[in-house]
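Contents: one structure, followed by commentary.
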Amino acid sequence: MESLNKANNGAAAPSEGDVAVIDELRTTYNSMKSEMAKVIVGQDEVVERLLIAILSRGHALLMGVPGLAKTLMVNSLSRVMSLDFNRIQFTPDLMPSDITGTDILQETSEGRREFEFVKGPIFANIILADEINRTPPKTQSALLEAMQEHHVTVSGRILPLPEPFFVLATQNPIEQEGTYALPEAQLDRFMFFVEVQYPDRDEELRIARETTGAASQTIEPKVNGEQILKYQELVERVPVPDHIYDLAVDIVRATRPASDDAPDFCKKLVSWGAGPRAIQYLIRGAKARAVLHGSYLVRQEDLEAVAHPVLRHRIITNFQAQAEGTDSTVIVEKLLDQFRDASA
1 MESLNKANNG AAAPSEGDVA VIDELRTTYN SMKSEMAKVI VGQDEVVERL LIAILSRGHA
61 LLMGVPGLAK TLMVNSLSRV MSLDFNRIQF TPDLMPSDIT GTDILQETSE GRREFEFVKG
121 PIFANIILAD EINRTPPKTQ SALLEAMQEH HVTVSGRILP LPEPFFVLAT QNPIEQEGTY
181 ALPEAQLDRF MFFVEVQYPD RDEELRIARE TTGAASQTIE PKVNGEQILK YQELVERVPV
241 PDHIYDLAVD IVRATRPASD DAPDFCKKLV SWGAGPRAIQ YLIRGAKARA VLHGSYLVRQ
301 EDLEAVAHPV LRHRIITNFQ AQAEGTDSTV IVEKLLDQFR DASA
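For reference, each letter of the sequence shown is one residue, going 1 to 344 in the working numbering.
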């Protein structure tokens, strides 16, 4: 532990108990990946980012065209973690009560009539909010309250949601007609913005061979909700060196065009940068990634690995950037390159 103390660079060393749990989590993570690989071909980076969000007590917004196994991925993740899963298909006529639940008049055994609350699909550990931008803002706000507060309000009553609680919302990047774009303030509630890419040729060949024959393999649970809560508490205690805090703050401040810390390309191409919540999510995400990879403290590579999904939807580019074909992904990569060069 003495050598670990020297490497922490200002951060307190983890306890021996935490070191043991980190080692346990690393082993569990590898077994979860192997189990999910039975039904999900490729998408390892997406799966890891979803796990990071869960361990960080965050939520994720998934962008991808139909047919990339997003629903199967989330359902498989819930099964491997022994968690309850519900899918909510967002449509223009969806009402808040369709998500949270409603009071229904029931007749008791004594012949009296009483209101009984029937829980909506939001009462599960993992929620897939499919095509969240297809429903009006009033209904979106019901989900966003649950994400932020981990409870819902029905008829003046506050009802807690089960823990752990994780929302994965999806958007279709192709169809925009008849949709309600999420405002920037609501996008900021999502810890991660994750793009699901097409699989490469070898992966598509595996999909063709493994999914067009006999029934696919079943997934066995490798962890349970109680363990997930333990791992979430562990992530909060992961040591962070001082220079990682400095780096997180400097990266986020550099995204704001009005800031003196912003590089020229941000002042030229960005309309709006990331807020303080992005710093919190960078640190939390880096902590979770560190323990998944068996590290006892946060490293710069952990911070860089979560920078794209944390910052991509928090940087709003201007018309000049759009005319040049520069999006927020390019901006984040240029920022990371700049800080890598500075630390070299």
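A virtual CB, placed ideally from N, CA and C, is assigned to each residue, including glycine.
None of the values given here were measured: they were computed from a predicted structure.
(1) Can you give the Cα-Cα distance for L229 and P239, rounded to whole angstroms?
(2) Measure the C-alpha to C-alpha separation of L335 and D23 and round it to an integer number of angstroms.
(3) On a Cα-Cα basis, can you pick out the residue from A124, E131 and D130 that is closest to S150?
(4) Using DSSP with H/G/I as helix, E/B as strand and the rest coil, what is S97?
(5) Determine the DSSP secondary structure at D130, reduced to helix, strand or coil.
(6) Near S82, which residues of its chain fall below 8 Å by C-beta distance, leaving aside the five closest residues on each side in sequence?
(7) Rounded to the nearest angstrom, what separates L161 and V154 at their Cα positions?
(8) Decide if D302 is buried, meaning its Cβ has at least 16 other Cβ atoms within 10 Å, or exposed.
(9) Across which residues does DSSP place V293 in a beta bridge pair?
(10) With three or more beta-carbon pairs closer than 8 Å as the criterion, would you say the segment 25 to 33 touches the segment 198 to 208?
(11) Are the segment 56 to 67 and the segment 181 to 192 in contact at 8 Å, needing three or more beta carbon pairs?
(12) Can you confirm whether the segment 247 to 267 touches the segment 65 to 76 when touching is taken to mean that 3 or more C-beta pairs between the two stretches lie within less than 8 Å?
(13) Along the alpha helix (DSSP H) that carries V74, what are the first and last residues, could you check?
(14) Below 8 Å, how does it come out for the segment 284 to 301 and the segment 257 to 267: are there three or more Cβ pairs, yes or no?
(15) On the three-state DSSP scale, how would you describe P160?
(16) Have a look at M147 and A307 and give me their C-alpha separation to the nearest angstrom.
(17) Is K70 closer than 8 Å to T179 when the C-beta atoms are compared?
(18) Can you check DSSP and say which residues form a bridge with V194?
(19) Would V41 pass as a contact of L72 if the rule is Cβ separation under 8 Å?
(20) Can you tell me where the beta strand (DSSP E) holding Q171 begins and where it ends?
In terms of the structure at hand:
(1) 19 Å
(2) 33 Å
(3) Reading off the sequence, residue 150 comes out as His, not Ser. Measuring from the Cα of H150, the nearest candidate turns out to be A124.
(4) helix
(5) strand
(6) P221, V223, N224 and G225
(7) 12 Å
(8) buried
(9) The question names Val, but residue 293 in the sequence shown is His. According to DSSP, which records beta bridges pairwise, H293 is partnered with nothing at all.
(10) no
(11) yes
(12) no
(13) K70 to V80
(14) no
(15) strand
(16) 21 Å
(17) no
(18) L62
(19) no
(20) F166 to Q171
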